[in-house]
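Enquirer: Each residue of the sequence shown is one higher than the one before, starting from 50 at the first, in the working numbering.
Beta carbons are placed, not taken as given, at the ideal position from N, Cα and C, and that holds for glycine.
Take this structure, written in structure tokens, and hold onto it; I'll ask about it next.
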Amino acid sequence: MSFKFLHASDLHLDTPFEGIKVFDPKISEMLKDASIKAWERLVDLAIAKDVDFVLLAGDIYDGTFRGVRARSRLLAGLRKLSEDGIKVFIVQGNHDPVDEGGLIPKDQEIEGVYVFPPRTSHRVAFSAKDGDSVEIHGVSYGSRSETEDLSTYLEQPSHNGFSIALLHASVGGDPNHEPYSPTTVRKLESLGFDYYALGHIHTRQLLSTDPLIVYSGNSQGRSPKPSELGLKGCYEVNVDRNSAPVLTFYQLGPIVFDHIVVDIADSDSFEDIGDSLATAAERLMVSKYMDTDTTTVVLRATLSGSYLETRIDEDRLIEELNEHLTDPRNEIPIIVTSIRLEQSTKNDQINDAAGMAINSLTTLRKTEPQLENRLVHECLQELGNTSFAPLGAYVIRLLDDETARSELVQTVQNKVEALLQEQFRYNSQDQ
Ligand SMILES: [Mn+2]
């Protein structure tokens, strides 16, 4: 005897993508479409896998504004599932609380679709296609900020078959998500359900395997934040009464967010940096997304290493990369939305180079009091470029030369310190 179901959450239909610069209106349209595409893939997957039911653990919509297109596609998908004999169980979350509107208009009720009410205990019991008894308990958010533990509303399961708790909750506290409906693994375990279908935290994770306490994660990533990166989708759960349930992950979101760190220590030009970035982006795409259902990879890049030009024109770099990477002939187009220089590394290295220069010159003053005028003059000219990378190298070269006057060494040192201060001002304004 066995049956199966899908567990998904946080569809955030019609989500506005956050933290992304979008250059092309076509891309912006594609991003808006992705959350709805993910939902439609979920519907198709449920039908293809012939599951008994689908669980949606909150945040079906992203906000008070629920677009006409998102509403009609949600209803169309639910009807499709209903016509196929697949039940759907839904709780509303902090992004779509009941006080801000129901999910299904009163005059358009759909057979087999059940939305749990807020502030009360409700359960639905039924027989799966194979005759197994299943009971599902759930609580919706009444308002946007439910600060009490909603699992407190759940009744004890009857233990007459497989029992599921459907909740939108913060288990154990995650600093990246609002601490709504806070609860703990221990508290949930004490309630006695077989499977806890959770929503709210967007990172897919198993908090416990016996009983199963599971976050499916959101169905489509929506920003370059860590919890939004990588493949997003749902779990198919196979329940066989003779063994432990088996979870299988399926990708739903067609657009994937990711992040790369590119070492540009060996780059000595803007073009070099562009090439390193493009290579790293393509390598990521091949290693992680080649055989997946990904249509586009949206990428944030961090540049690390000792490339010490004071400025990299990030916008120009993004534009040039995107001309190459978004080419529709590419297997999976990649959109680079932001490039960041690792400021701390850059500062450290500027400090290292300047510090090295000061030390070198101080040593030189002691050991070689006869530095030649010409060399120091050249050194000052070099410093005038306000870039410390050539300075570091230049001072090392100077050390190989033999003589110069110590007063001018002092001048160089002062100049280095002045420039260093200027550099600090520039960097602190930049952050
Ligand atoms: Mn959410």
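(1) Cβ of Asp198 within 7 Å of Cβ of Pro166?
(2) At what residues does the alpha helix (DSSP H) containing Ile185 begin and finish?
(3) Is there contact between the segment 295-302 and the segment 259-269, where contact requires at least three CB pairs shorter than 8 Å?
(4) Take Gly282 and list the residues in its own chain whose beta-carbon comes closer than 7 Å to its own, dropping the five residues that flank it on each side.
(5) My parser needs the alpha helix (DSSP H) runs of 4 or more residues fully inside the segment 281-344; what are they?
(6) Phe54 to Ala314, Cα distance in whole Å?
(7) So, helix, strand or coil for Ala218, using DSSP?
(8) Below 8 Å on the Cβ atoms is my contact criterion, and I expect Leu215 with Val140 to pass it. Report the Cβ-Cβ distance as a whole number of Å.
(9) Is the separation between the beta-carbon of Asn209 and that of Ser182 shorter than 7 Å?
(10) Please classify Phe437 as buried or exposed, where buried requires at least 16 other C-beta atoms within 10 Å of its C-beta.
(11) Could you round the C-beta distance between Ile309 and Leu333 to whole angstroms and report it? I think they count as a contact, below 8 Å.
(12) Do you know how far the Cα of Met50 is from the Cα of Asp22?
(13) Are the CB atoms of Phe242 and Ser212 nearer to each other than 7 Å?
(14) Is Asp101 near ligand 1, judged by its Cβ being under 6 Å from some heavy atom?
(15) Please report the straight-line C-alpha distance between Gly150 and Arg128, rounded to a whole angstrom.
(16) Helix, strand or coil for Asn371, going by three-state DSSP, please let me know.
(17) Pull every residue with its beta-carbon under 5 Å away from any heavy atom of ligand 1, and keep them in chain order.
(18) Per DSSP, which one or two residues make a beta bridge with Thr258?
(19) Hey, is Glu369's beta-carbon within less than 7 Å of any beta-carbon in chain D?
(20) Could you please give the first and the last residue of the uninterrupted beta strand (DSSP E) stretch that includes Lys53?
(21) So Ala246 is in the alpha helix (DSSP H); what residue range does that whole segment cover?
(22) Tyr229 and Leu247 - do their beta-carbons sit closer together than 7 Å?
(23) Helix, strand or coil for Lys98, going by three-state DSSP, please let me know.
(24) Measuring alpha carbon to alpha carbon, tell me which of Ile383, Leu62, Asp307 and Ile96 ends up nearest Asp82.
(25) Report all residues from its chain with a CB closer than 6 Å to the CB of Asp156; omit the five preceding and five following residues, and keep chain order.
(26) Could you tell me which residues DSSP puts in a beta bridge with Pro275?
(27) Among Ser353, Glu363, Asp362 and Leu348, whose alpha-carbon lies nearest the alpha-carbon of Thr386?
(28) Look at the alpha carbon of Leu457 and the alpha carbon of Asp364, and state the distance between them as a whole number of angstroms.
(29) Ignore the nearest five residues each way along the sequence and tell me which others in Gly222's own chain have a CB closer than 7 Å to its CB.
(30) Starting from Val147, follow the alpha helix (DSSP H) in both directions and report where the run begins and ends.
(31) From Val103, Arg389, Ser170 and Leu326, pick the residue whose C-alpha is nearest to that of Leu374; which is it?
(32) Kindly indicate which three-state DSSP category Lys178 falls into: helix, strand or coil?
(33) Comparing C-alpha positions only, which one of Ala119, Leu123, Asp111 and Val100 sits nearest to Ile135?
(34) Does DSSP put Ile139 in a helix, in a strand, or in coil?
(35) Quick one: is Val137 buried, meaning 16 or more other Cβ sit within 10 Å of its Cβ, or exposed?
Expert: Put simply:
(1) Their beta carbons are not under 7 Å apart, which means Asp198 does not touch Pro166 by this criterion.
(2) Unbroken run through Ile185 is the beta strand (DSSP E), Ser182 to Gly187; no alpha helix (DSSP H).
(3) By the Cβ criterion, the segment 295-302 is in contact with the segment 259-269, since at least three pairs of Cβ atoms, one from each stretch, lie closer than 8 Å.
(4) Around Gly282: Ser268, Phe298, Tyr299, Gln300, Leu301 and Gly302.
(5) Runs of the alpha helix (DSSP H) lying entirely within the segment 281-344 and spanning at least 4 residues, in chain order: 319-333.
(6) The straight-line gap from Cα to Cα measures roughly 50 Å.
(7) In this structure, Ala218 counts as coil in the three-state DSSP scheme.
(8) Contact holds; Cβ gap of about 5 Å.
(9) Yes, these two residues count as a Cβ contact at 7 Å.
(10) In this prediction, Phe437 scores a pLDDT of 48, lower than 50, which makes its location untrustworthy; the coordinate-derived value is nonetheless stated afterwards. Buried, by the Cβ-count rule.
(11) Between Ile309 and Leu333, the beta carbon gap of about 6 Å places them in contact (Cβ cut-off 8 Å).
(12) No answer is possible for residue 22: it lies beyond the span of the chain, which begins at 50 and ends at 480.
(13) Yes, they are a contact pair.
(14) Set against 6 Å, the gap from the CB of Asp101 to the closest heavy atom of ligand 1 is not smaller.
(15) In this structure, the CA atom of Gly150 is about 20 Å from the CA atom of Arg128.
(16) The answer is helix: DSSP assigns Asn371 an H, G or I state.
(17) Those satisfying the condition are, in chain order, Asp59 and Asp108.
(18) Beta-bridge pairing by DSSP links Thr258 to Leu261.
(19) The structure shown contains no chain D; it is built from a single protein chain.
(20) For Lys53, the enclosing beta strand (DSSP E) stretches over residues Ser51 to Ala57.
(21) Per DSSP, Ala246 is not a residue of any alpha helix (DSSP H); the beta strand (DSSP E) it occupies stretches across Tyr244 to Gly248.
(22) No, the Cβ-Cβ distance between Leu247 and Tyr229 is not below 7 Å.
(23) Note: Lys98 maps to coil in three-state DSSP.
(24) The candidate whose alpha carbon is nearest that of Asp82 is Leu62.
(25) Excluding positions up to five away in sequence, the list is empty.
(26) None, per the DSSP bridge assignment.
(27) The shortest C-alpha separation from Thr386 is found at Leu348.
(28) Here the model assigns Leu457 a pLDDT of 41, short of 50, so the residue's position is not dependable, and the following value carries that caveat. If I take the Cα positions, the gap works out to 41 Å.
(29) Closer than 7 Å at Cβ, skipping near neighbours: Pro228 and Pro231.
(30) Run containing Val147: none; DSSP gives neither H nor E here.
(31) The closest CA to that of Leu374, considering only Val103, Arg389, Ser170 and Leu326, is found on Leu326.
(32) The answer is coil: DSSP assigns Lys178 none of H, G, I, E or B.
(33) Residue Val100 is the option with its Cα nearest to Ile135.
(34) Of the three classes helix, strand and coil, the one that applies to Ile139 here is strand, per DSSP.
(35) With 16 or more Cβ atoms within 10 Å of its Cβ, Val137 is classed as buried.
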